[in-house]
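Okay, structure first, notes after.
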Ligand code: 5GP
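Residue numbers (the numbering used here): 3 to 192.
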């Protein structure tokens, strides 16, 4: 998606350890017009699928997910990284965060992820696929079907796509970073 690629090259910043900082337009300060354009493109790519719920993980997946849910008139559920004291009947899994270098629990109420659900999972980044693996586990536990997974930015060199596709799940990403070596952002042209 050219608009997104141009923005990453203009405002994205590279950090050591293969981290791309996009907090000027995606995950701190947010550009709603860009977010809408991303949601429209993801909807176009998943147009042939049957879906009744958008699933994401807090915090930075929520903005693109809610934009998609709004445009498709579908409910949006986000997996929580802390168990609320008011949640009793829940599904739980563990996810390793490489940006924070620690493992955390992720929970979803059983009420909001059920065998009736056909979900698209949305997140800002696909890196090693750890968050996606956790979501796949939660969907397996609940009996929900995963129709596909959509990401704003995929860091191809961290190979998360393979983890997801191995499970037979379709992956769409709007910008693919082939390398951040020497703190240079190399985007795939497509
Ligand atoms: P994964 O679980 O695929 O290894 O990593 C994806 C998660 O880690 C995303 O939810 C995202 O918030 C965070 N993440 C991974 N790589 C980056 C990055 O380069 N920059 C930022 N800002 N977040 C990242």
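For each residue, glycine too, the CB sits at the ideal point set by N, CA and C.
Burial check for residue 9: the Cβ neighbour count within 10 Å reaches 16 or more, so the residue is buried. Between the beta-carbon of residue 97 and that of residue 122 there is about 19 angstroms, and that puts the pair past the 8 angstroms contact cut.
Proximity of the beta carbon of residue 181 to the ligand 5GP is not indicated: no heavy atom of the ligand is located closer than 7 angstroms. Residue range 162-167 is occupied by the alpha helix (DSSP H) that includes residue 164, with no beta strand (DSSP E) assigned at that position.
When DSSP assignments are scanned along the segment 59-141, the uninterrupted stretches of alpha helix (DSSP H) that are 4 or more residues long and fall wholly within it turn out to be 64-74. Residue 88 holds the alpha-carbon nearest to the alpha-carbon of residue 110 among 104, 129 and 88. Non-local C-beta neighbours of residue 45 in its own chain, meaning closer than 7 angstroms and more than five positions away in sequence, comprise 70, 73 and 74, ordered along the chain. Residues of the same chain with a CB within less than 7 angstroms of the CB of residue 66, apart from the 5 flanking positions on each side, are 37, 40, 41, 124, 126 and 154 in chain order. Membership of residue 154 in the beta strand (DSSP E) is indicated by the continuous run 147-157.
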